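To start, the structure itself, in structure tokens.
There are 2 protein chains.
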Amino acid sequence: MSVIKPSLAKGTRDFTPVEMVKRNFIYDTIKTVFKKYGYAEIQTPSMENLKTLTGKYGDEGDKLIFKILNSGPLKHQDTRRILQEDYNFRKIDNSEDYTISTDDKITEDEVFDILAKHVNESIKDSLTEKALRYDLTVPFARYVVMHQHEITLPFKRFQVQPVWRADRPQKGRYREFYQCDVDVVGSESLLNEAEFILIYNEALTKLGLKDFSIKINNRKILSGIAEIIGKPDLIIDMTVAIDKLDKIGLDGVSKELLERGFTEDDLEKLRPVILLEGTNEEKIASLKQVLANSETGLKGVAEIEQVFDYVESLISYSLPLTAKLELDITLARGLNYYTGCIFEVKTNEVAMGSIGGGGRYDDLTGMFGLKDLTGVGVSFGADRIYDVLEELNLFPASAEVGTKVLISNFDTEAEKYALPILQQFRSAGIAAELYPSSAKLKKQMAYADAKNIPYVVLIGGDEIASGELTLKDMKSGEQKKLAVLGIMDLLK
Amino acid sequence: MSVIKPSLAKGTRDFTPVEMVKRNFIYDTIKTVFKKYGYAEIQTPSMENLKTLTGKYGDEGDKLIFKILNSGPLKHQDTRRILQEDYNFRKIDNSEDYTISTDDKITEDEVFDILAKHVNESIKDSLTEKALRYDLTVPFARYVVMHQHEITLPFKRFQVQPVWRADRPQKGRYREFYQCDVDVVGSESLLNEAEFILIYNEALTKLGLKDFSIKINNRKILSGIAEIIGKPDLIIDMTVAIDKLDKIGLDGVSKELLERGFTEDDLEKLRPVILLEGTNEEKIASLKQVLANSETGLKGVAEIEQVFDYVESLISYSLPLTAKLELDITLARGLNYYTGCIFEVKTNEVAMGSIGGGGRYDDLTGMFGLKDLTGVGVSFGADRIYDVLEELNLFPASAEVGTKVLISNFDTEAEKYALPILQQFRSAGIAAELYPSSAKLKKQMAYADAKNIPYVVLIGGDEIASGELTLKDMKSGEQKKLAVLGIMDLLK
Numbered sequence: 001m002s003v004i005k006p007s008l009a010k011g012t013r014d015f016t017p018v019e020m021v022k023r024n025f026i027y028d029t030i031k032t033v034f035k036k037y038g039y040a041e042i043q044t045p046s047m048e049n050l051k052t053l054t055g056k057y058g059d060e061g062d063k064l065i066f067k068i069l070n071s072g073p074l075k076h077q078d079t080r081r082i083l084q085e086d087y088n089f090r091k092i093d094n095s096e097d098y099t100i101s102t103d104d105k106i107t108e109d110e111v112f113d114i115l116a117k118h119v120n121e122s123i124k125d126s127l128t129e130k131a132l133r134y135d136l137t138v139p140f141a142r143y144v145v146m147h148q149h150e151i152t153l154p155f156k157r158f159q160v161q162p163v164w165r166a167d168r169p170q171k172g173r174y175r176e177f178y179q180c181d182v183d184v185v186g187s188e189s190l191l192n193e194a195e196f197i198l199i200y201n202e203a204l205t206k207l208g209l210k211d212f213s214i215k216i217n218n219r220k221i222l223s224g225i226a227e228i229i230g231k232p233d234l235i236i237d238m239t240v241a242i243d244k245l246d247k248i249g250l251d252g253v254s255k256e257l258l259e260r261g262f263t264e265d266d267l268e269k270l271r272p273v274i275l276l277e278g279t280n281e282e283k284i285a286s287l288k289q290v291l292a293n294s295e296t297g298l299k300g301v302a303e304i305e306q307v308f309d310y311v312e313s314l315i316s317y318s319l320p321l322t323a324k325l326e327l328d329i330t331l332a333r334g335l336n337y338y339t340g341c342i343f344e345v346k347t348n349e350v351a352m353g354s355i356g357g358g359g360r361y362d363d364l365t366g367m368f369g370l371k372d373l374t375g376v377g378v379s380f381g382a383d384r385i386y387d388v389l390e391e392l393n394l395f396p397a398s399a400e401v402g403t404k405v406l407i408s409n410f411d412t413e414a415e416k417y418a419l420p421i422l423q424q425f426r427s428a429g430i431a432a433e434l435y436p437s438s439a440k441l442k443k444q445m446a447y448a449d450a451k452n453i454p455y456v457v458l459i460g461g462d463e464i465a466s467g468e469l470t471l472k473d474m475k476s477g478e479q480k481k482l483a484v485l486g487i488m489d490l491l492k
Numbered sequence: 001m002s003v004i005k006p007s008l009a010k011g012t013r014d015f016t017p018v019e020m021v022k023r024n025f026i027y028d029t030i031k032t033v034f035k036k037y038g039y040a041e042i043q044t045p046s047m048e049n050l051k052t053l054t055g056k057y058g059d060e061g062d063k064l065i066f067k068i069l070n071s072g073p074l075k076h077q078d079t080r081r082i083l084q085e086d087y088n089f090r091k092i093d094n095s096e097d098y099t100i101s102t103d104d105k106i107t108e109d110e111v112f113d114i115l116a117k118h119v120n121e122s123i124k125d126s127l128t129e130k131a132l133r134y135d136l137t138v139p140f141a142r143y144v145v146m147h148q149h150e151i152t153l154p155f156k157r158f159q160v161q162p163v164w165r166a167d168r169p170q171k172g173r174y175r176e177f178y179q180c181d182v183d184v185v186g187s188e189s190l191l192n193e194a195e196f197i198l199i200y201n202e203a204l205t206k207l208g209l210k211d212f213s214i215k216i217n218n219r220k221i222l223s224g225i226a227e228i229i230g231k232p233d234l235i236i237d238m239t240v241a242i243d244k245l246d247k248i249g250l251d252g253v254s255k256e257l258l259e260r261g262f263t264e265d266d267l268e269k270l271r272p273v274i275l276l277e278g279t280n281e282e283k284i285a286s287l288k289q290v291l292a293n294s295e296t297g298l299k300g301v302a303e304i305e306q307v308f309d310y311v312e313s314l315i316s317y318s319l320p321l322t323a324k325l326e327l328d329i330t331l332a333r334g335l336n337y338y339t340g341c342i343f344e345v346k347t348n349e350v351a352m353g354s355i356g357g358g359g360r361y362d363d364l365t366g367m368f369g370l371k372d373l374t375g376v377g378v379s380f381g382a383d384r385i386y387d388v389l390e391e392l393n394l395f396p397a398s399a400e401v402g403t404k405v406l407i408s409n410f411d412t413e414a415e416k417y418a419l420p421i422l423q424q425f426r427s428a429g430i431a432a433e434l435y436p437s438s439a440k441l442k443k444q445m446a447y448a449d450a451k452n453i454p455y456v457v458l459i460g461g462d463e464i465a466s467g468e469l470t471l472k473d474m475k476s477g478e479q480k481k482l483a484v485l486g487i488m489d490l491l492k
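As they're listed, the protein sequences go chains A and B.
Numbering-wise, the UniProt record's numbering puts 49 at position 49 of the first sequence, and it's gapless, one number per residue.
Numbering-wise, the UniProt record's numbering puts 425 at position 425 of the second sequence, and it's gapless, one number per residue.
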């Protein structure tokens with residue numbers, strides 16, 4: 001076995017003990033809220049059949065799917081087919097040689113290019129039939145269809161698992177990262193939408209965020225606007241342009257709309273909608289006027305109103321709504337996919353993209369042959385939330401402590417004395433360690449420091465004689481003498 | 001997007017809500033014990049550079065590594081190299097054709113075989129440089145080496161993550177499964193070995209197992225035995241044969257030993273060791289006599305004695321030792337790897353292979369250039385433990401409940417009345433759902449049944465008028481009228 005210098009695969013990360021405790025704090029907080037709202041956890045395999053995934057994420061997405069090599073050797077007939085069909089491989093008459101020929105007269109470099117393409121497409125395809133999941137949504141759709149006879153609708157599930165994307169790694173973008181998705185399928189009720197707002201509100205508040213916005217829009221409002229302008233076919237172009245208002249301002253949006261097939265007249269009608277301001281109530285009132293002639297548009301507005309009503313009833317007796325809940329008709333995220341309400345969550349305390357989002361989709365499982373199953377769901381961007389909490393210093397101190405107490409180890413006698421005490425601590429549920437060998441005090445203290453262990457129990461001759469042990473508070477440096485039970489009271 | 005029939009990749013599984021709750025019960029129980037003993041969680045990426053993994057698991061293991069296709073297109077020069085070097089691809093003089101030639105005169109089928117081999121080895125190799133992790137041990141070794149300057153020794157870590165193996169799937173054997181590993185590196189103390197026995201004992205007891213054995217052996221005892229017989233080089237052959245005592249009996253073992261180079265004289269000396277019986281103390285006494293002339297052998301016995309002493313001191317004040325702790329010199333698991341104590345855990349209540357095992361290794365990180373770092377660790381076979389608990393019906397009823405209470409939904413008025421109550425439940429930490437639309441009672445009850453929800457709150461006109469809600473216990477069928485606070489007291 002030759003020695004190699006160890007390295008991480010590009011775009012992947014190790015998580016240290018301190019990072020894991022913080023990550024678990026995020027996952028646990030979010031999961032606890034999901035469960036309180038009646039959502040149950042499922043998991044799907046990391047690898048899916050390639051045909052389950054391809055064609056679901058657009059051409060760009062498909063390129064980012066990590067494919068897994070078939071494990072067995074290539075089948076003989078596969079090789080033959082590849083060589084014969086793709087390379088035009090054949091024996092040269094009256095010769096011991098074999099030839100690859102191309103139809104047109106081309107340069108040697110062009111031949112290599114063509115062959116490179118063939119190797120890429122034909123050979124690669126025949127070598128792989130499995131891939132790593134790209135998101136949690138498509139596997140969830142597959143799950144629902146495959147388990148449809150054992151599922152009772154509405155089916156409320158959450159899923160917290162890693163996904164993989166062959167993206168170019170950069171700051172904050174990894175090839176392996178966690179998604180936290182929560183969805184319900186089989187219920188049209190807008191109570192679900194309202195509860196997702198409450199879930200965001202409660203989970204992010206529990207994580208310590210104080211100033212964040214939950215933006216809501218509705219695909220039907222966008223359709224209504226395109227309809228009113230008389231350009232229903234340009235809805236995608238319209239929303240792609242409007243979505244950029246924050247970045248390029250009204251002039252930029254107007255320019256882009258003109259480029260995308262809208263007229264100055266259209267812009268005249270669009271402008272008041274794009275610049276819609278005021279409270280949610282004011283926006284709703286304006287939209288009702290603007291969309292008065294669009295049945296679809298009014299339906300969208302009514303859905304938003306109903307969601308706001310539900311939220312109002314739900315918050316009155318419980319957690320206050322810390323989040324700013326904001327109707328934002330420039331919000332267009334994943335429009336091809338969503339059919340009703342659309343959500344996006346942003347923190348206002350740190351410059352960071354969205355930390356969550358989602359919406360309602362009316363045909364999630366159609367791709368697998370199960371029609372007309374409506375669903376709505378949102379997801380939490382755990383990695384971004386991690387960065388936000390880190391930047392705002394919001395991880396609780398308790399999220400950094402593993403072992404609560406270290407018992408020192410000076411010699412065989414003290415070790416022997418310490419063993420039952422060690423187990424007493426553990427029996428009481430206190431995470432405890434005995435330094436595993438007698439070593440210099442300095443070394444043992446450095447160990448406690450490095451592990452962020454808040455207390456050290458020192459056991460020497462005096463302590464054994466008196467039964468009063470020395471408890472050192474590693475933060476304050478303070479030392480006091482206490483019996484074992486006193487120490488346990490203090491640590492619990 | 002064409003509709004495809006959804007399927008799972010071979011050898012992989014979905015986990016339903018009920019299965020996830022049970023799996024989490026196992027993971028959480030084990031993790032809680034790990035933490036109490038001072039172990040901290042880390043995670044490593046699912047994908048590692050291929051060169052980190054290959055050569056670590058033997059030829060058979062290497063074949064079972066799932067390789068990931070490089071994501072970018074093949075590089076032009078890679079294709080050129082493959083075609084030129086491996087296929088001897090070249091232009092035919094004075095022709096527009098290109099040729100592949102082989103050195104020897106062989107049949108066309110042989111050419112295809114050779115090319116198939118080339119495609120398998122050369123092309124496949126050039127197409128992949130990443131792979132899915134095969135176990136948690138090699139990634140842990142990589143982690144320790146890469147993080148050596150930030151780690152304080154002894155480093156106590158646990159890791160619960162899936163691994164992937166391209167094995168032929170069969171009952172109980174999957175291509176994706178979880179490993180639960182706990183290891184400490186940088187401490188020679190046998191206290192660590194003793195604590196692993198306590199960890200097994202406590203975790204498996206908490207999981208509900210009542211009759212299980214923790215078997216222990218020591219590589220040095222096996223070396224000592226081989227040394228005494230005068231065949232130190234045959235230690236592997238000896239242990240492979242002895243390891244089969246359970247399956248093939250003494251006659252079978254004797255036959256195999258003769259085949260593997262031992263003489264009748266050797267067998268004479270080996271027999272009393274193989275058939276070693278009695279209590280651990282009696283076995284230790286016999287071994288001390290047998291191994292009197294082997295320094296290594298006596299060292300192994302002394303290590304076992306020290307571990308037993310530690311266990312004795314640790315259990316006296318805490319959890320009793322439920323496990324049968326048994327010195328078993330036929331235990332040889334992973335001998336090439338382990339250098340000191342070796343562990344294996346079996347349940348005696350169900351026929352099932354080992355549900356855990358591990359041992360001490362003196363050179364885990366040598367493969368990555370960090371020498372002389374000793375480590376010891378064990379792992380829990382979570383999938384097998386799941387099957388054992390299922391067969392013995394040991395999953396607690398609480399491990400099946402997600403939502404605690406469902407509020408019925410008969411009409412808009414009742415729904416409106418229910419919303420603040422719903423949030424009161426949740427604020428009190430009670431997982432609660434309101435059926436999201438008004439539907440027939442039967443349908444709502446069927447939903448509660450399917451989700452194993454133990455209580456349903458019925459709200460009709462009478463309930464709204466009186467403020468006393470009807471609480472139905474879904475198991476007993478019993479109904480009673482209670483105010484909201486009364487229901488909350490009962491549910492908490």
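We treat Cβ as the ideally placed atom computed from N, Cα and C, and that holds for glycine.
A quick note: this is a predicted structure, and the numbers were derived from the prediction, not measured.
Burial state of residue i, where buried means 16 or more other Cβ atoms lie within 10 Å
i, result
"residue 76 of chain B", "Below a pLDDT of 50, predicted positions are generally treated as unreliable, and residue 76 of chain B, at 48, falls in that range; the measurement from the model is reported next regardless. Exposed, because fewer than 16 other Cβ atoms sit within 10 Å of the Cβ of residue 76 of chain B."
"residue 466 of chain A", "exposed"
"residue 492 of chain A", "exposed"
"residue 217 of chain A", "buried"
"residue 461 of chain B", "exposed"
"residue 59 of chain A", "exposed"
"residue 358 of chain B", "buried"
"residue 372 of chain A", "exposed"
Length of the line joining the Cα atoms of residue i and residue j
i, j, result
"residue 360 of chain A", "residue 190 of chain B", "58 angstroms"
"residue 31 of chain B", "residue 139 of chain A", "28 angstroms"
"residue 135 of chain A", "residue 57 of chain A", "9 angstroms"
"residue 449 of chain A", "residue 474 of chain A", "8 angstroms"
"residue 299 of chain A", "residue 25 of chain B", "45 angstroms"
"residue 362 of chain B", "residue 192 of chain B", "14 angstroms"
"residue 328 of chain A", "residue 200 of chain A", "17 angstroms"
Residue i CB to nearest heavy atom of the ligand NAD below 7 angstroms
i, result
"residue 65 of chain A", "As presented, the structure is devoid of all ligands, the ligand NAD included, so that no description of it is given."
CB contact check: residue i to chain B, cutoff 8 angstroms
i, result
"residue 493 of chain A", "As displayed, chain A neither begins before 1 nor continues past 492, which places residue 493 of chain A out of reach and without an answer."
"residue 14 of chain A", "yes"
"residue 343 of chain A", "no"
"residue 454 of chain A", "no"
"residue 445 of chain A", "no"
"residue 369 of chain A", "yes"
"residue 27 of chain A", "no"
Minimum Cβ-Cβ distance from residue i to chain A less than 8 angstroms
i, result
"residue 410 of chain B", "no"
"residue 128 of chain B", "yes"
"residue 488 of chain B", "no"
"residue 414 of chain B", "no"
"residue 17 of chain B", "yes"
8 angstroms Cβ cutoff met for residue i and residue j
i, j, result
"residue 260 of chain B", "residue 285 of chain B", "no"
Contact set between the region 42 to 59 of chain A and chain B, restricted to residues whose Cβ is under 8 angstroms from the partner: 42, 43, 44, 45, 46, 47, 48, 49, 51, 52, 55, 56
In the region 238 to 251 of chain B, which residues sit with their C-beta less than 8 angstroms from some C-beta in chain A, listed in chain order? Answer in chain order: no residues at all.
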